[in-house]
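Remarks on the structure that follows.
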DNA sequence: TTGTATATTGGAATCGATTCCAAATAAAGT
DNA sequence: ACTTTATTTGGAATCGATTCCAATATACAA
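Chains as they are written, first to last, in this note's numbering: chain A, -2 to 334; chain U, -2 to 334.
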């Protein structure tokens, strides 16, 4: 508690104790040239003695720039991906001596505006805006007043830089993997909306088949809500049709989980009788299913890194040509194929 | 981009345009008394015109205090709980006009120390330290140099305030629920370590039985690693013994998921023939199993709130009598009981 | 040795807020 | 009308860093 109240030392204290001017101390602090080795060491010694650390408020006030990056999340809360994204962003920020400041807006527009105010007041280097799943977003105009990068989403007009998963590549690689294992009739349980993941993965499915010279059979492609019974029923139907598929590409890991249930009830063994591949790599599910699920990983960690990197190195400005990056979804091998 | 470079206005600008002194502006900004209604309105008008906002760096420098709270997480990454905790902390921080600054240390001690340096430099109001599951932790001495609150963990010597789930209550309520539904032979698949969750939930199990006047039968209590096959086999054994249990209390939701598998293979229907209750309420699992799993929720959101609240309102100081709070785990009703 | 170019150094000014004190105004009391 | 007392106000000092400029020290050349 003593430690807690003790007024911490300032650059003045250091200068006085070291018998030099504040300018000199500042110079050693910031690795400027034109300081003799002797004085540098002397100053460093005093700094260590005093346990002196520059206060970031003072630095910011004077230099007009912080070492903070804002991360605004929209209800990302509910998805377990969140943390990979945060970790990626943090690791990259850390590499630039920066730190993350977090605000979750819970999809509330007032909160979003308040969040922007905060970021503005704090003079952050820039902000990331992360959505809970790959989607177009409509953001307030004020987003253009700060350097910003969108993660797992993109602005309708493409005027802000964004980084999203490469859904097509993901779908294509997933299906290509099944093809490589000899499967020719590959069922696809897709989701019903028209979000990028849905259309992208379907496109990937088609491309993979085309590349392997396998004809596209519409009866193998189904759409189901992401709900236990819907997927269960869809799977049963899909597998009971004549010339049933020998492999299943599922829109996501949850879908795969319910498909597993259906397959089990049909007494079809995974992977012996039916191979299954998922999408998302939600560890909690994929790694814990029986058998563990082979799946495509969403590049959340990498998206977080890329976004921060671009923010710091790319000096992003809103413009019609803002980069729109897609990052690949790698395959995660488990036991279901 | 114009907006992006424009030097934002200062309190001086406001004072000049409003024809008052900076002191007056500061007074209206901070709701101090002794400002006539007329000048107050005049100043407010200019502030709105200019879109003026005080820069937090300047405020911090002068007042020596920020509106930031540090959140240091230890590898919490991998658990989907993380975000509830963060949300709780953020909501409470927000209510005090404060914001969260996040650092994940990935269990790395150097990073932890660096994180503390950062927090110190930034003069945060205090820090939360959150572990990835309820456990004792051994933290560097430096933690005592800042107000700190531990979340989902506690220091061995109990000298830092902490907030953790009430494992005993959780276990007790879980089992009491089963008892209320008429079950008398209740199996318990526990985990093998001696972490608080394991001993606490077992204690809760015993207390619930005792309260209901049901004898404790050691053959109903098993320990299994949290691994698919281990739980699967344990469940099979447990259910095949003479006078099999009619209900199952599982250490956590993952355990329950694998127990489901075993029950299905034994052709025992949930909940008709066997009731199942889990623990943790990992939405992704519990809500998506078939049938959806009734479970005890870990109070991550509330722990986050409590921790921030205590940090701000409780003025925590390290002391032998630091509060050690346990928060209840509420029951989440689904369909497995 | 002396003059010139170069490398170090000290310290005042600055960033943008808050706070305190003295001065100016208004209100109250006789 | 004239103190006395209470409210409002302006503005200088301050927080703790960086930066720039002038001053000093040192190196180099003739």
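Glycine residues also receive a C-beta, built at the ideal position from the N, C-alpha and C atoms.
C-beta neighbour in chain A for residue i, strict 8 Å
i	result
residue 117 of chain U	yes
residue 287 of chain U	yes
residue 261 of chain U	yes
residue 26 of chain U	no
residue 97 of chain U	yes
Any chain U beta carbon closer than 8 Å to residue i
i	result
residue 53 of chain A	yes
residue 327 of chain A	no
residue 225 of chain A	yes
residue 282 of chain A	yes
residue 0 of chain A	Any reading at residue 0 of chain A needs caution, since the residue's pLDDT is 41, under 50, leaving its predicted position unreliable; the model's value is listed next. By this cut-off, residue 0 of chain A is an interface position.
residue 57 of chain A	yes
residue 80 of chain A	yes
residue 101 of chain A	yes
residue 279 of chain A	yes
residue 83 of chain A	yes
residue 267 of chain A	no
residue 87 of chain A	yes
residue 161 of chain A	no
Pair within 8 Å by beta-carbon distance, residue i and residue j
i	j	result
residue 300 of chain U	residue 160 of chain U	yes
residue 84 of chain A	residue 308 of chain A	no
residue 201 of chain A	residue 172 of chain A	yes
residue 314 of chain U	residue 151 of chain U	no
residue 302 of chain A	residue 86 of chain A	yes
residue 357 of chain U	residue 252 of chain U	Residue 357 of chain U lies beyond the stretch modelled for chain U, which goes from -2 to 334, so this question has no answer here.
residue 25 of chain U	residue 40 of chain U	yes
residue 294 of chain U	residue 327 of chain U	yes
residue 221 of chain U	residue 190 of chain U	no
residue 261 of chain A	residue 261 of chain U	yes
residue 124 of chain A	residue 69 of chain A	yes
residue 184 of chain A	residue 245 of chain A	yes
residue 243 of chain U	residue 272 of chain U	yes
Inter-residue Cα distance where the pair is residue i and residue j
i	j	result
residue 7 of chain A	residue 317 of chain A	46 Å
residue 277 of chain A	residue 23 of chain A	49 Å
residue 112 of chain U	residue 66 of chain A	15 Å
residue 90 of chain U	residue 312 of chain U	15 Å
residue 177 of chain U	residue 218 of chain U	19 Å
residue 64 of chain A	residue 116 of chain U	13 Å
residue 228 of chain A	residue 129 of chain A	22 Å
residue 13 of chain U	residue 20 of chain U	12 Å
residue 241 of chain U	residue 255 of chain A	28 Å
residue 132 of chain U	residue 192 of chain U	6 Å
residue 304 of chain U	residue 148 of chain U	7 Å
residue 224 of chain A	residue 118 of chain U	48 Å
residue 363 of chain U	residue 287 of chain U	Past the boundaries of the shown model lies residue 363 of chain U; chain U is included only from -2 to 334, so the question cannot be answered.
residue 141 of chain U	residue 110 of chain U	13 Å
residue 337 of chain U	residue 296 of chain U	It is not possible to answer for residue 337 of chain U, since the shown part of chain U is limited to -2 through 334.
residue 157 of chain U	residue 104 of chain A	35 Å
residue 58 of chain A	residue 285 of chain A	50 Å
residue 333 of chain U	residue 167 of chain U	17 Å
residue 331 of chain U	residue 32 of chain U	58 Å
Beta bridge counterpart(s) of residue i as assigned by DSSP
i	result
residue 13 of chain A	According to DSSP, residue 13 of chain A bridges with nothing at all.
residue 219 of chain U	U:186
residue 126 of chain A	A:69, A:147
residue 97 of chain U	A:99, U:66
residue 275 of chain U	U:292
residue 35 of chain U	Answer by DSSP bridge pairing: none, since residue 35 of chain U is not bridged.
residue 161 of chain A	A:323
residue 134 of chain U	U:152
residue 175 of chain U	DSSP lists no partner for residue 175 of chain U.
residue 244 of chain U	U:183, U:272
Contact test: residue i Cβ vs the ligand NAD heavy atom, cutoff 7 Å
i	result
residue 90 of chain A	Looking at this structure, you won't find the ligand NAD or any other ligand, since it has none at all.
Within 8 Å of chain U by C-beta, residues of the region 244 to 257 of chain A in sequence order
251, 254, 255
Going along the chain, which residues of the region 105 to 129 of chain A sit with their C-beta nearer than 7 Å to a C-beta in chain U?
114, 115, 117, 118, 119, 120
Of all the residues that make up the region 29 to 54 of chain U, which are near chain A by a beta-carbon distance shorter than 9 Å?
50, 51, 52, 53, 54
Chain-ordered residues of the region 139 to 151 of chain A with a beta carbon less than 8 Å from chain U:
141, 142, 143, 144
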